[in-house]
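S.K.: Numbering (this note's numbering), first residue to last: 22 to 280. We put the CB at the ideal spot given by N, CA and C, even for glycine. Just passing along the structure, written as structure tokens.
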């Protein structure tokens, strides 16, 4: 699989998608968004892949939109900008709805659309030096798409602070707010994220991860009673799945089980 702006590799049931525009601080443009969509679809369809790591090559994770890309957007018609915006919308939605777990490995600044990518990941680990934030309002733009997901993730109050001020926050602050999972020293983050991904591959059922992720993604959309009925139905369905039968049998027989 050939990409111009990405590196895509698979090893030990882990797909690694690395943004590869280090000279542009991995800034987003139309082609990179399209390549990300293609890479995530490939990883989801690959039965040899169980977990996906998203990272950036070079000093930045992702610095947001490419300057040339922003200049082009100013020349577009409304219809052209709507089509372009919906491409990014599809990428965000596909990451959010993906059947497999996505982990962000943030080894540099994640700004605007780059921070949006981090927001969409299921788990995210950043080095202490990384700054994160949604700076769109500072250039007369709006963090429209990411706002939908960020409010769900960290709540309205903290989302207002980040989205309205456009300020960059430290990785420690991002972790405190729930934007990222944890802060990991730069010298350790490769090993740490690989260990997390490996543990998910070996210690958790792929079906259980998929169903649990979808449950988390839908629970806020349902009234309490309807949500409980939906959860009980998923509970019953999962009990009949082969993964559950094998997992429970191994547990009852006190056998070491590797998924």
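Flag this pair as yes or no: are the beta carbons of residue 190 and residue 196 separated by less than 7 Å?
M.R.: Contact flag unset, no.
S.K.: Quick check on DSSP: helix, strand or coil for residue 257?
M.R.: Helix.
S.K.: Identify the continuous beta strand (DSSP E) that holds residue 127 and give its terminal residues.
M.R.: First-last of the beta strand (DSSP E) with residue 127: 122-127.
S.K.: Would you mind sorting residue 158 into buried or exposed? The rule is 16 or more other CB atoms within 10 Å of its CB.
M.R.: Answer is exposed; the Cβ neighbour count stays below 16.
S.K.: From the DSSP secondary-structure annotation, give me the bridge partner or partners of residue 153.
M.R.: The partner list for residue 153 (beta bridge, DSSP) reads 131 and 190.
S.K.: CB-CB under 8 Å to residue 84, same chain, minus the five flanking residues each way: which ones, in chain order?
M.R.: If we look at residue 84 and ignore the five residues flanking it on each side, its Cβ neighbours are 45, 46, 47, 48, 130, 132, 133 and 135.
S.K.: If you compare alpha carbons, which of 35, 31, 41 and 34 is closest to residue 24?
M.R.: Nearest option by C-alpha distance: 41.
S.K.: Give me whichever residues DSSP pairs with residue 83 in a beta bridge.
M.R.: Beta-bridge pairing links residue 83 to 131.
S.K.: Going by C-alpha distance, which of 244, 169 and 117 is nearest residue 231?
M.R.: Cα-wise, what sits closest to residue 231 is 117.
S.K.: Which stretch, first to last residue, makes up the alpha helix (DSSP H) that contains residue 281?
M.R.: A query on residue 281 cannot be resolved here, the shown segment of the chain reaching from 22 to 280 and no further.
S.K.: Given that a residue counts as buried once 16 or more other Cβ atoms are within 10 Å of its Cβ, and exposed if not, what is residue 156?
M.R.: Residue 156 should be labelled buried.
S.K.: Who pairs with residue 76 in a beta bridge, going by DSSP?
M.R.: Answer is 39 and 126, bridged to residue 76.
S.K.: Is it right to say residue 220 is buried, meaning 16 or more other beta carbons lie within 10 angstroms of its own, or is it exposed?
M.R.: It counts as exposed.
S.K.: In the DSSP assignment, find the beta strand (DSSP E) that holds residue 70 and state where it starts and stops.
M.R.: Taken as a continuous stretch (DSSP letters only), residue 70 belongs to no beta strand (DSSP E), as it is neither H nor E.
S.K.: Please look up how many angstroms separate the CB atoms of residue 77 and residue 113, rounded, as I've assumed it's under 8 Å.
M.R.: Residue 77 to residue 113, Cβ: 17 Å. No contact.
S.K.: Would you tell me roughly how many angstroms separate the C-alpha atoms of residue 147 and residue 73, rounded to the nearest one?
M.R.: C-alpha separation (whole angstroms): 16 Å.
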